[in-house]
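Visitor:
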Amino acid sequence: LGIGYKIKIPEKRLTDSWEIEEKNGGIIKIGVFEPLTGGAASGGEMTLEGIQLANELFPEVLGKKIELVIEDNKSDKLEATKAVIKLIHEDHVKAIIGSYGSSLSMAAGEVVKKFKIPTVGCSPTHPMVTFNNPYYFRVCFVDPFQGTVIANYAVKELGAKKAIIVQDMAQDYSTGLSQYFIEAFIKLTGDVESIVSVISYVSGEQDFREKLTEIRDLKADVIFAPGNYIESAVFIKQAREMGINIPIIGGDTWETPTFIEIGGEAVEGAIFSTHFTAEVPITERSNLFLEAYRKKYNREANAFSALGFDAYMVLIDAIARANSANPEKIRDALANTKNFEGATGKITLDHNGNATKSAIIKKVEKGQFKYVTFVESIHP
Amino acid sequence: MTFQVFMQHLANGISLGSLYALIAIGYTMVYGILRLINFAHGDIFMIATYVAFYGVMLLGMQLWWIAFPAAIIFTYFFGRLVERAAYRPLRNSPRISVLISAIGVSFLIENLAIVIFGGRPKAFPIPPIFNKIIQIGDVSIVSITFFIPAITLALLVGLVYFINQTKTGMAMRAVSKDYEAARLMAIDVDKIISLTFGIGSILAAVGGIMWGLKFPQLVPLMGLMPGLKCFIAAVVGGIGDIRGAVLGGFILGLGEIMLVAFLPALTGYRDAFAFVLLIVILLIKPTGLMGQKLTEKV
Amino acid sequence: MLTIRNLNVHYGGIHALRGIDMDIPENKIVTLIGANGAGKSTTLRSIMGLTKISGGSIQYNGEELTMHKTKDIVEKGIVLVPEGRRVFPNLTVEENLILGAYSRKDKEGIKKDMDWVYGLFPRLKERLWQKAGTMSGGEQQMLAVGRGLMSKPKILMMDEPSLGLAPLLVKEIFNIIKEIHRQGMTILLIEQNAKAALEIADYGYVLETGAIVLEGKGKDLLTNDEVKNAYLGDAK
Amino acid sequence: MRILKADNITMKFGGLVAVSQFYMELNKGEIVGLIGPNGAGKTTAFNMITGVYKPAEGRIFFQDEDKEVDITEYRPDEITKLGIARTFQNIRLFKELSVLDNVLIANHLRLKSDVFSSILRLPNYVKEEKEMYEKSIHLLEDVGLQDVMHEKSSSLPYGKQRRLEIARALATNPKVLLLDEPAAGMNPKESLELMDFVGDIRDRFQLTIFMIEHHMQVVMGICERIFVLDHGVTIAHGTPSEIQNNEKVIEAYLGVD
Amino acid sequence: MKKGRLELNIIAMALFIGLLFLFRITFDSYKMKILNLCGIYIILGLSLNLINGFTGLFSLGHAGFMAVGAYTAGLLTMSPAMKEMNFFMKPIVPFLAEVEWPFFPALLMAGVISALMGFLIGSPVLKLKDDYLAIATLGFSEIIRVIFTNTQSLTNGALGLKGLPIYTNIWWSWGAAIFTILFMVFLIKGSYGKALKAIREDEIAAEAMGINLFKHKVMSFTMGAFFAGIGGALLGNLLGTIDPNMFRFVLTFNILLIVVLGGIGSITGTVISAVVVTVAMEALRVLDETINFGFVTIQGIPGMRMVIFSLLLMIVILFYQQGLMGTKEFTWDWFFNGKGFRKTLKKEVK
Ligand SMILES: Nc1ncnc2c1ncn2[C@@H]1O[C@H](COP(=O)(O)OP(=O)(O)OP(=O)(O)O)[C@@H](O)[C@H]1O
Ligand SMILES: Nc1ncnc2c1ncn2[C@@H]1O[C@H](COP(=O)(O)OP(=O)(O)OP(=O)(O)O)[C@@H](O)[C@H]1O
Ligand SMILES: CC(C)C[C@H](N)C(=O)O
Ligand SMILES: [Mg+2]
Ligand SMILES: [Mg+2]
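Chains as they are written, first to last, in our numbering: chain C, 3 to 382; chain X, 15 to 312; chain B, 5 to 240; chain R, 63 to 319; chain V, 365 to 714.
Right, here's the structure in full:
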């Protein structure tokens, strides 16, 4: 250009080559993207607790230290993609863990697929998260199973014949799970008319009173209302205020302290399916995890922390088996995860990258989540 | 729709409407005096609710009658602080700068709240007196539903008197048009504006606590949507006019509820209702329902 | 009563007032004349503390005013009827007048003065309930003067009160000025209508591009050739 | 030849009849005055003629070349386009813009090129723009503002702002010019200069001028005919000397010396 | 235009394109993404500045136009297979199911549909003034969002669209940005631009000067909407996923802040501030993270980044009210006589 400078153009785009880190001393970076602010912050925090706990207990693999790079995705899909891009390109992480919330995970999915970075979800249960994405894995069950489990419980244990659905149109998780519940419920009752009403709302809504007025006089035995814990708690509260007294059931999102804080007495008796319970440890690792968790946080662990813990464990197991920090190799090792003993049970990742897990039914009693029953995994 | 169901909707509508009205009055006051859409109003409302929450946590549920007024007083000073920091330095700047500052300070308060209070929602404590379920025939109504309209009405009467009949009220209206000329009348412009803000913030605080009692979850962004809707209520009624704000609040609250009740298919459009109403009213009567038509003197 | 020494004002780069010295003795009418942009309004605004001065002193009965807020200056009894009327357009005529008396506490006196102002400007009384913003230019001018009078000032400063007024009213305004002066008020008057102003003034100052170029008794200035030439338009 | 006619126009604000049944005709090339006490309705009459207010009753006609147009329902910009320009009692310049820009903007209405030619700077537009610049600069020279051409218009002293307002109105190529108190805020000397200026532009631009003014020296000096309004009602109409001696006018407006 | 300016402009342009090439080679895709966002925010900032800054219409409806643009381009460019996967709740309307356009026509269409929307909205709403206009436009943008949330078979509702083809790259984003800059410069310099400014200064006087207020306002609004639509489309096809919630009014505020920081009514200012704001938002990310100094670790606080950002913003608003540039523009004179940035006021005349 006649300026007199020479501009050095690197032969290869530095950042796209994974070898860079070998220079990085003995550190392997793993990215975490979770909602730490915004509507799903409670879940993100709990998950993070589990991940960090695991990192403290098992800080090394292949003789190298593992460094967690944590990004807040602000419970926002856009931020989720941005966070993942940043993790991959600024921090050069080898693998990623996250995120609470299927929609957030799905938003990031395209990115990790494009840049081929293996990612392990802790609790996103929507089938689309891993579908057609060889780089996305998860350590929890999926919603078709969860929907069946909870429908089963409704019909067999609660004796429900008619149900009302209340779903959050903005959450893939909520609409998906409702769909699977409906299918299972109709099959179980053998009655195509068994769903008497499907009511939709959008994340962030606070006033369900009109909707409740609408369904108050419908003859139903149960309300299935999977959704974010905040909206669900408010919904239940207002339902009870209006004198609706039939059981209200939901999915794994409910297991957060916030659900009880907001719902107060109204959520007494609320029933939902989830991944894990401290009351019935399943494996050796469960005990190890529970102990460590009590020691560090001075309370009982919850499902999301446990899944966070497991996601980390599965990941370093894969790194160890791959005997390399090469993302491709980690991915391959992850895909071969078999009977790995996690805190939440034995984990085997199938061709879609999904774990096949058992489910737990819990109930709110005296302001606590109480274990009700255990449901064996169904092999697809 | 049965009569009972209708009554249930009506009760909900009136209660929501008066809540909107209460917050709309605060908007209208500040707008009337500063000609400023105080975008931070919703955030002041949020702060008040959080302070009330921590107050009750600290003092215990029995002492809510201390905690709530304390929160209102705190908010009064907080509102004045916001004015001092974000608006006073821009006293002689174009209106757009002040408006931007309003948006900026609203951002700042929200983000600070996220860091200080945490992004995670909190449950607002409800003293039993507000939470009694009253059964009238087949209609069940929570007692807060009655408190809200009563409080709104009381504040309305007080404010209308204050603004129209007292010298300070007149000074407020004078300041709204011409700072310099107001100064020439020996009016302490800064003091009047600060006072207006304080009063507006008290209204926001009362509204916030009522809101918390009705929709008991606290998140740092909780002021956003109510803030916007109540501003709309104020505009629909005729901004600057307190009675207009009340009218607008009621129309909006009742309208939203009745829309959902009578046309359940349009439930998803509930949040759009406010805006559609706004635009329709503005196009028919550009100064709002109660706003007087003023031909600009050329 | 009011003593101005070496008053300097800058607007950004413009040196609008360059060391003005003026005296306004008690119970006198003093007038300030000068071409457009000479700095007349700026002088009055500086006295009121509306414009930041860059140097000099303004003393009222020996007390320095330069550091005071406008509000305090008004409360001391110095009042300005500003250029361009500046009535409160959204307030009624009556409310405008009430605000004129904002700093006063004597209810009785206010009531009396209100009637006095209505006597001076019957039009205002007819339009008690009209919003000031919708009144004609001249009506607003009457209101502005009336509002200034309501504060019962010791020194009343008027910035071009006859601007845009019909001839009859201009005469009227000058009569009113004389009248209030007779009742003991000190007056500082800015006028384009230099002739009328100098006729009633005890003393006059001529301002040119920010500096006083001429001063003297009103009568003397009236007959001064320079003044005649430049401001009275007589010399044809 | 008649160029403008107001046929019994009336304007009401709420209960107040600001102008009542105002009838007026202007002939080409005349300078006509409109006087009356404050609040008589003079400015309101202007506002009706220029389309700012719509009259409650009556019609307004404008002689456009050889046909008479009813402009009662026209918008202000359409009326200006036809050839009626005005100044405002309270100066309304484009404050933040330069003196030159103020005048250039007044040329915009005669621009034939569309917005895309202007963005693409097509030859037809470039040519028009050049003409606009030249015309504007000439005009500013004519009114003696060429030295302050690049100043912000609000920084001008009052008198020059008034002159700029007139220049801006002239730039729209008017046939009729309405001046609302052009001498307000000027000292007697400046007023007299203005008087000459008005007469001068009438001749140079072949204008018809309709003018509100309170300076009697000016009004009586250059107006050929004068209308007098009081409380919205036309109380007199005639030559300056007729008006000066009209009892009603003296009583309502002029006063006795 | 003085002689030599054209050459200078061409050289500058060439240098800039060279620079983009350089970035392309040296930047990783995270930085590339930010670079892309810079370009897009320039477009959005300028289009809002046209409406708010130059025409003085206080519009807060930009997010709505962006949504229209993003969805238009998204639906036109997505593959039929992708659409089928997205629309699992309710199938997509038939006429869109099979279309798959290349990017350029889709982008153009996004602008056109958005402009059409601007025209339709503008016609009634632009009769309003000031705050009323602001709140009404904000209202329209929210209505658009709510409609998009509810028209399941057209937009996939609240779930949004995932898997948009990632067409946007620096050539598209910066190409469009440069096009927008040139468009604005020539528009503003010309007679129409002056007419818009006149409307901003004083509507009544502008009308008295024969300017058809309505026509000019609608024109400005429609043009603004066009570019907002383009910006939205570029954004959608950059991120690969869109949903109605992205287009809340907070987005409009972000753009408004860019305009204000740059200086309302300054093209140069908007361009600079779009870049500064976009980069700063990312640079401040470190505040949220745990920082390890070796001897001491500072725990990151989630949300701190936004606090600092809004604090910086307030400082600018309070202490540099004119924004970066006020109404000044960059000119070549600045290079040659070092007199600093020239006021737009002082137009040179031959
Ligand atoms: N706010 C301001 N900013 C910049 N310059 C100003 C400002 N106010 C006044 N000026 C300038 O200061 C000078 C004096 O103005 P001032 O208003 O005091 O004149 P004046 O004698 O009252 O004139 P007029 O008869 O037109 O009212 C003028 O050159 C004017 O342009
Ligand atoms: N927009 C309006 N709303 C209400 N009243 C108005 C309006 N415009 C004018 N008026 C009233 O109409 C009457 C005529 O006003 P106008 O401005 O025409 O008077 P004018 O003859 O121009 O007086 P001046 O010489 O003082 O300017 C006045 O009494 C005024 O108060
Ligand atoms: C992460 C979760 C607990 C929520 C839910 N399982 C989902 O996929 O969205
Ligand atoms: Mg002056
Ligand atoms: Mg008038």
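Note that beta-carbon positions come from the ideal geometry of N, C-alpha and C, so glycine has one too.
Look at residue 219/X and residue 37/X and say whether their C-beta atoms are less than 8 angstroms apart.
Guide: no
Visitor: With DSSP as the reference, label residue 299/R as helix, strand or coil.
Guide: strand
Visitor: Can you check which of these residues, 206/X, 35/X, 86/X, 48/X, is closest to residue 168/X by C-alpha distance?
Guide: 35/X
Visitor: Leaving out the 5 sequence neighbours to the left and right, which residues in its chain are closer than 8 angstroms to residue 194/C when beta-carbon positions are compared?
Guide: 188
Visitor: Can you list the residues of chain V that residue 286/C reaches, using a CB-CB cut of under 9 angstroms?
Guide: Those within 9 angstroms of residue 286/C in chain V number zero; the least Cβ separation is about 31 angstroms.
Visitor: DSSP puts residue 272/R in a beta bridge; with which residues?
Guide: 94/R, 240/R
Visitor: Taking just the CA atoms, how far does residue 195/R sit from residue 137/B?
Guide: 38 angstroms
Visitor: Below 9 angstroms between beta carbons is the criterion; list the residues of the segment 664-678 of chain V that meet it against any residue of chain X, in chain order.
Guide: 665, 666, 667, 668, 669, 670, 671, 672, 673, 674, 675, 677, 678
Visitor: Using CA atoms only, rank isn't needed, just tell me which of 600/V, 650/V, 548/V is closest to residue 633/V.
Guide: Per the Cα distances, 548/V.
Visitor: If you measure from the CB of residue 72/R, is any heavy atom of ligand 2 nearer than 7 angstroms?
Guide: no
Visitor: Is residue 46/B near ligand 1, in the sense that its beta carbon is under 7 angstroms from a heavy atom of that ligand?
Guide: yes
Visitor: Give the secondary structure of residue 92/C by DSSP, where H, G and I count as helix, E and B as strand, and everything else as coil.
Guide: coil
Visitor: Among 104/B, 182/B, 235/B, which residue has its Cα nearest to the Cα of residue 212/B?
Guide: 235/B
Visitor: Given a cut-off of 8 angstroms, decide if residue 121/X and residue 674/V are closer than it, judged by their beta-carbon atoms.
Guide: yes
Visitor: Which residues, in chain order, does the segment 65-78 of chain B contribute to contact with chain X at a C-beta distance below 7 angstroms?
Guide: Within the segment 65-78 of chain B, the qualifying residues are 74, 75, 78.
Visitor: Assuming residue 21/B contacts residue 31/B (C-beta within less than 8 angstroms), just tell me the rounded distance between them.
Guide: Residue 21/B to residue 31/B, Cβ: 26 angstroms. No contact.
Visitor: Relative to ligand 5, what is the chain-ordered list of residues with a Cβ closer than 7 angstroms to any of its non-hydrogen atoms?
Guide: 140/B, 141/B, 104/R, 105/R, 151/R, 242/R, 243/R, 274/R
Visitor: Looking at residue 337/C: is its Cβ nearer than 8 angstroms to the Cβ of residue 324/C?
Guide: Contact: no.
Visitor: Quick check on residue 142/R - is its C-beta less than 8 angstroms from some C-beta in chain V?
Guide: yes
Visitor: Using only the alpha-carbon positions, how far apart do residue 683/V and residue 117/X sit?
Guide: 16 angstroms
Visitor: Within 7 angstroms: the Cβ of residue 23/B and any heavy atom of ligand 1?
Guide: no
Visitor: When you compare the CB positions of residue 572/V and residue 474/V, do they come within less than 8 angstroms of one another, or not?
Guide: no
Visitor: Residues of chain R with a CB under 8 angstroms from the CB of residue 23/B: which are they?
Guide: Here the premise fails: no neighbours, minimum Cβ distance about 21 angstroms.
Visitor: Less than 8 angstroms between CB atoms is the rule here; does residue 193/R satisfy it with respect to chain V?
Guide: Not a single CB atom of chain V sits nearer than 8 angstroms to the CB of residue 193/R.
Visitor: Got a sec: which bits of the segment 162-191 of chain X sit with their beta carbon under 8 angstroms from any beta carbon on chain B, in order along the chain?
Guide: Residues of the segment 162-191 of chain X with a C-beta less than 8 angstroms from any C-beta of chain B: 181, 184, 185, 187, 188, 190, 191, listed in chain order.
Visitor: On the premise that residue 70/C lies in contact with residue 53/C, defined as a C-beta separation below 8 angstroms, what is that separation, rounded to the nearest angstrom?
Guide: 7 angstroms
Visitor: Among 528/V, 550/V, 614/V, 631/V, which residue has its Cα nearest to the Cα of residue 424/V?
Guide: 614/V
Visitor: Could you tell me which residues DSSP pairs with residue 156/X in its beta bridges?
Guide: 147/X
Visitor: In whole angstroms, what is the alpha-carbon distance linking residue 294/R and residue 141/B?
Guide: 15 angstroms
Visitor: With distances taken Cα to Cα, identify the nearest neighbour of residue 73/C among 669/V, 680/V, 693/V.
Guide: 669/V
Visitor: With a threshold of 7 angstroms on Cβ separation, who are the neighbours of residue 25/C within its own chain once the five nearest residues in sequence on each side are excluded?
Guide: Low local confidence applies: a pLDDT of 47 at residue 25/C is under 50, so the model's placement there is unreliable, and no value is given.
Visitor: I need the DSSP call for residue 73/R, collapsed to helix, strand or coil.
Guide: strand
Visitor: Looking only at its chain, what residues have a beta carbon closer than 8 angstroms to the beta carbon of residue 65/R, apart from the 5 residues adjacent to it on each side?
Guide: The residues are 88, 89, 90, 124, 125, 237, 238, 270.
Visitor: From the beta carbon of residue 723/V, is the nearest beta carbon of chain X less than 8 angstroms away?
Guide: Beyond the ends of chain V as shown, which are 365 and 714, falls residue 723/V; an answer cannot be given.
Visitor: Mind listing the chain B neighbours of residue 278/R? Cutoff is C-beta to C-beta under 8 angstroms, in chain order.
Guide: 171
Visitor: Check whether the segment 89-102 of chain X and the segment 197-215 of chain X touch, using three or more Cβ-Cβ pairs below 8 angstroms as the test.
Guide: yes
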